[in-house]
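Chain order of the listed sequences is A and B.
The working numbering applies: residue 18 is where the first sequence begins, and numbers increase by one.
The working numbering applies: residue 343 is where the second sequence begins, and numbers increase by one.
Yeah, the Cβ is synthetic: ideal placement off N, Cα and C, and Gly gets one too.
Data block below; observations after.
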Amino acid sequence: MSRILMKGNEAIAEAAIRAGAVYYFAYPITPQSEVGEYMSRRLPEVGGVFVQAESEVAVGNMLMGAVASGKRAFTSSSSPGISLMQEAISTMAAARLPVVLINIMRGGPGIGGILPSQADYFQSTKGGGHGDYRVLVLAPSTLQESVDLTMLAFHLADKYCNPTMVVADGMIGQMMEPVQFPEDYKEEPLPPKDWATTGCRGRAPRIIKSLFLDPAMLETNNVMLAEKYKLMKQNEVRFEAYKINPQNRILLVAYGTMARICQTVIDELAEENISIGLLRPITLFPFPGKEIFAEAVKPNIKAVLTVEMSMGQMVEDVEAAVQGRKPVEFYGRTGGIVPTPEEVRDYILKILAKKTPAVKSWKG
Amino acid sequence: MNQVTFPVLDKRVIIFAGAYGSGKTEVAVNYAAGLAATCSEPVSIIDLDVINPYFRSREAALSLEAQGVRVISPHGEMCHADLPIILPEIRGEIERSEGKVVLDVGGDNVGARVLSSLADSFGRGYEFLIVLNARRPFTSTVTGSLKMIHDIEISSRLKFTGIISNTHLIDETTTETVEEGYRLACAVSTEAGLPVKFVSAVGEAAKRLDPETIGVPVFTLKRQLLKPWEEKDRAARSSKNKGGLVLCRV
């Protein structure tokens, strides 16, 4: 199939269909409403069902039932809508239900605004809902990657029986880029869904639940979940290194569209013989902390700079990864304002001009 | 090399409509700027996009105003809203007797519905043009394009007067992409009985088009709605994001 021009929201919707999603529940919200519009047109063609729910709370509960049946189901929303689904996400994590969620992030907190943002990093990677659980979080930076990661999200959700989220700022949802869908999509083998509630005639009933009144059983469930998160950390860390080399003087860490702003800056500074590298987390959970540490401690690196469309969220994971070995700087804009390459460039030059690092190097 | 001329359309009101993502806004913005550069009359552009929350013609307002184009779009913080705002001055602008008016309409029949409320104002002095991009999912075939024409005509209560062949893949657009789109536009033209008014394409692809192949004027586009990382003009970058609070630790 040749390359076609798609809007991010459409590309994500088509990718979900190609990955075999047959149930979609959603409530419209800018800047992701085109996903629902596209699904309303396309899902009937593949024998799927789209229910526009009365609220995002209902969406969460509809997803729970649909995913429990063993079929692939997903939703898409934007920040405030994802907030409303948190109870269901926590429940699905506890009950090991492989749901896929798409969050096309907009400015918050509260109703905020409709312009792009990356301020749901905490929400998606640190829980959002209650209890000891993690969500697998994938963060595309191009529309092709949005297609690939959406398809991967369904696979990983099934592989780990865990809620999996694709997070992208509103620009990814709204912008247009050429994309290509795989000719014939094949997945690695997955475990059978021997837990699915498909009707118990001729077999023992299956119960999917998150209520454990016996404290020992609840703790066992938490320990088993934690084991699974450990496996994810071992197997699923994904990142991209851009122009990383021993001459780098600053290590940039940015995800999604912010990584593209950083790439523009890196290319321009390279022409002025200023060597900067970028490590772009593709999975936000599990986070590529070890990889960031390995680059940050290289002798020529003066500081690590995190660029986000937030007041500083991922930077906390970067600080944890760097372990005080190098100064960690932050540059961010919020409210829907997108940092320009010029601002990032100026900030990098400011760091390079500083005489002493803000944090003293740790001598080990 | 092709003759790159500005395809002046005689009518006072020029309306660009079409499927989502066909490139209406880029064509409309470029066309308004082209009119301002070639005509002595005043030129205005009306942002009638009630569908998209981002990447609308109002985002090119600064550059358009600098080129002598009056931009009519929601004021103040409402310019960022995703509400179907139809300013009262739009009807006045359409019904005026002098000057050129370009209308940038939101995508699909949903976006074109806004025109039906204004349909009585247009009289006979307008061009209603469907912008076609053969690389978009729902207009990649003659059947799909004819359906789009039909749906938009019904919701807008207006009849199209021509086709703009604007097939592109943004920065992956080649001469072949444009030619392939032109072939589709010609097939749609025959079926729908509408003339292809011009082919629009970005600079490099437009320059290499063979005039033997393309039988209509070619309008060269300069991309106005760049993604933030694509803006190479450092002065243009610096003029953005003024007035906001900048967060940093240095």
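**Asked** Given Ala338/A, which residues of its chain have a CB within under 6 Å of its CB, disregarding the five upstream and five downstream residues?
**Response** Gly306, Ile309 and Phe310
**Asked** Cβ of Thr509/B within 8 Å of Cβ of Val544/B?
**Response** no
**Member of Glu205/A, Cys178/A and Leu295/A whose CA lies at the smallest distance from the CA of Tyr246/A** = Cys178/A
**Request:** With DSSP as the reference, please indicate the residues paired to Leu153/A in a beta bridge.
**Result:** Thr181/A
**Item:** Close Cβ partners of Glu360/A (< 8 Å) along its chain, the five nearest in sequence each way excluded
**Value:** Tyr348 and Arg350
**Request:** Report the partner residues of Thr92/A according to the DSSP bridge assignment.
**Result:** Leu118/A
**Message:** Which of the three DSSP states is assigned to Asn344/B in this structure?
**Reply:** Any reading at Asn344/B must be qualified, since the residue scores a pLDDT of 42, below 50, and its modelled position is unreliable; the value itself is stated next. Coil.
**Asked** What is the DSSP secondary structure of Arg477/B, reduced to helix, strand or coil?
**Response** coil
**Item:** Member of Met326/A, Gln264/A and Glu346/A whose CA lies at the smallest distance from the CA of Asp186/A
**Value:** Met326/A
**Request:** Flag Gln280/A as yes if its beta-carbon sits less than 8 Å from any beta-carbon of chain B, otherwise no.
**Result:** yes
**Message:** Along the region 185–203 of chain A, where does the CB come closer than 8 Å to a CB of chain B? Name the residues.
**Reply:** Gly187, Met188, Gln191, Met192, Met193, Glu194 and Pro195
**Prompt:** Where do the N-terminal and C-terminal ends of the beta strand (DSSP E) with Phe310/A fall, by residue?
**Reply:** Here Phe310/A belongs to no beta strand (DSSP E); instead the alpha helix (DSSP H) covers Gly306 to Ala313.
**Prompt:** Who does Glu325/A pair with in a DSSP beta bridge?
**Reply:** Gly349/A
**Prompt:** Rounded to a whole number of angstroms, what is the C-alpha to C-alpha distance between Tyr138/A and Tyr468/B?
**Reply:** 49 Å
**Asked** Per DSSP, what kind of secondary structure is Pro195/A in: helix, strand or coil?
**Response** strand
**Asked** What is the rounded straight-line gap between the Cα of Tyr40/A and the Cα of Leu230/A?
**Response** 32 Å
**Message:** Quick check on DSSP: helix, strand or coil for Ser100/A?
**Reply:** helix
**Message:** For the beta strand (DSSP E) containing Ile387/B, name the first residue and the last one.
**Reply:** Val385 to Leu390
**Message:** So for Val254/A, helix, strand or coil by DSSP?
**Reply:** coil
**Prompt:** Which runs of the alpha helix (DSSP H), 4 residues or longer, sit entirely within the region 218–267 of chain A?
**Reply:** 232–252
**Cβ of Arg220/A within 8 Å of any chain B Cβ** = no
**Residue burial classification, Leu207/A (beta-carbon count within 10 angstroms, cutoff 16)** = exposed
**Item:** Option in Asp450/B, Tyr524/B and Arg412/B with minimal Cα separation from Leu551/B
**Value:** Tyr524/B
**Prompt:** Where does Pro358/A fall in DSSP's three states?
**Reply:** helix
**Request:** Under 7 Å between beta-carbons, which chain B residues line up against Val355/A? List them in chain order, please.
**Result:** Pro570
**Item:** Residue nearest to Ile472/B in terms of C-alpha spacing, selected from Lys564/B, Arg354/B, Cys528/B and Glu383/B
**Value:** Cys528/B
**Prompt:** Straight-line CA distance for His147/A to Asp450/B?
**Reply:** 42 Å
**Message:** Please list the terminal residues of the continuous alpha helix (DSSP H) segment that includes Leu536/B.
**Reply:** Here Leu536/B belongs to no alpha helix (DSSP H), and DSSP marks it neither H nor E.
**Prompt:** Where does Lys377/A fall in DSSP's three states?
**Reply:** Unreliable positioning characterises Lys377/A in this predicted model, as indicated by a pLDDT of 49, which lies under 50. A coordinate reading is not provided.
**Message:** Once the 5 residues before and after Ala90/A are set aside, which same chain residues still bring their CB inside 6 Å of it?
**Reply:** Tyr40, Leu80, Ala83 and Val84
**Burial state of Thr108/A (16 or more Cβ within 10 Å)** = buried
**Given Leu366/A as reference, the closest of Val335/A, Glu333/A, Ala320/A and Met331/A once Cα atoms are compared** = Ala320/A
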